[in-house]
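*Asks:*
Numbering (this note's numbering), first residue to last: 3 to 122.
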């Protein structure tokens, strides 16, 4: 079922708000993803904890940056009239799926298939 103009407008607003939130999150976490200073006079356990925290923050930032790329692609697709269609099978993506993850480029079937394929 194709999306209505009203649904597309709502999803575009969702994408813009999500982009703003992720950009703010990235700006706020810049410090926590910096490498740990090994010369800092802290204990070994504290240093290990700091390194683990830095790695987790860095991974979260990478995930947010990737999601921002997907959001940008979804906004381009809206303006090109291609939003809401699966990039793999070209079937329409359901509104409920897009409402939950508006930047998604795959329908649920294609997403599931891509996750179950063995990686090389």
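No residue lacks a Cβ here, since even glycine has one placed at the ideal position from N, Cα and C. Quantities reported herein were computed from a predicted structural model and do not represent experimental measurements.
Considering residue 97, what are the terminal residues of the alpha helix (DSSP H) in which it resides?
*Replies:* It spans 97–102 - the alpha helix (DSSP H) in which residue 97 sits, taken as one unbroken run.
*Asks:* Under three-state DSSP, which class holds residue 94?
*Replies:* Strand at residue 94.
*Asks:* Measure the alpha-carbon distance for residue 8 versus residue 14 and round it to whole angstroms.
*Replies:* C-alpha separation (whole angstroms): 10 Å.
*Asks:* Kindly give me the distance between the Cβ atoms of residue 86 and residue 5, rounded to whole angstroms, as I take these residues to be in contact under 8 Å.
*Replies:* Confirmed, about 5 Å.
*Asks:* Please name the residue or residues paired with residue 87 in a DSSP beta bridge.
*Replies:* Bridge partners of residue 87: 94.
*Asks:* With three or more beta-carbon pairs closer than 8 Å as the criterion, would you say the stretch 64–83 touches the stretch 100–120?
*Replies:* Yes: the two stretches touch, three or more of their Cβ pairs being nearer than 8 Å.
*Asks:* Within 10 angstroms of the Cβ of residue 61, are there 16 or more other Cβ atoms? Answer buried if so, exposed if not.
*Replies:* By the neighbour-count rule (16 or more Cβ atoms within 10 Å), residue 61 is not buried but exposed.
*Asks:* If you drop the 5 nearest sequence neighbours on each side, which residues of the same chain put their C-beta closer than 8 Å to that of residue 2?
*Replies:* Since the first residue of the chain shown is 3 and the last is 122, residue 2 is not available in this structure.
*Asks:* Taking the continuous alpha helix (DSSP H) assigned at residue 105, which residues delimit it?
*Replies:* Note, residue 105: premise wrong, no alpha helix (DSSP H); not H, not E.
*Asks:* Using the C-alpha atoms, what's the distance from residue 97 back to residue 3?
*Replies:* Rounded to whole angstroms, residue 3 to residue 97 spans 8 Å at the Cα level.
*Asks:* Take residue 75 and list the residues in its own chain whose beta-carbon comes closer than 8 Å to its own, dropping the five residues that flank it on each side.
*Replies:* Around residue 75: 105, 107.
*Asks:* Considering only residues of the same chain and omitting the five flanking positions on each side of residue 88, which have a CB-CB separation below 6 Å?
*Replies:* Once the five neighbours on either side are set aside, the close Cβ partners of residue 88 are 95, 108, 109, 112.
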